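For the sequence shown, my numbering gives the first residue as 1, with consecutive numbering after it. Presented below is the structure to which this report refers.
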Amino acid sequence: MIHLLFNTYEHTLDVTFLDTRNTDRFERVTTIKTHEEGYYEVLQRQNINEKNAPLFRFPIEKTVIRFIHE
């Protein structure tokens, strides 16, 4: 199972893979899109051109997302 903690105020994403218990933090995350093909796509603002680019794709059936808005 994969746990995502998305802070919409700070634009950070913590990704935890429960099998390893390792957590990684990513900054400048702007949105998480849901795709009909069965995955969440995480977008991150790029330093070079300030455009959003895909960072990850996570399978919906194996992912839990928590949102923080403060």
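C-beta atoms are modelled at their ideal positions from N, C-alpha and C, and glycine is treated no differently. Note that this is a predicted model, so its numbers are computed, not measured.
For Tyr39, decide whether its Cβ has a neighbour in chain C, counting only Cβ atoms nearer than 7 Å.
-> Looking at the structure shown, chain C is missing, and only one protein chain is on hand.
By how many angstroms is the C-alpha of Gln44 removed from the C-alpha of Phe58?
-> 14 Å
Beta-carbon separation (whole angstroms), Asn22 vs Ile68, contact threshold 8 Å | Contact flag wrong, Cβ pair sits at about 20 Å.
How close, in whole Å, do the beta carbons of Glu36 and Thr12 come, if the pair is a contact with beta carbons under 8 Å?
-> About 27 Å separates the two Cβ atoms, so there is no contact after all.
Short check: CB of Thr20 to CB of His3, under 7 Å?
-> no
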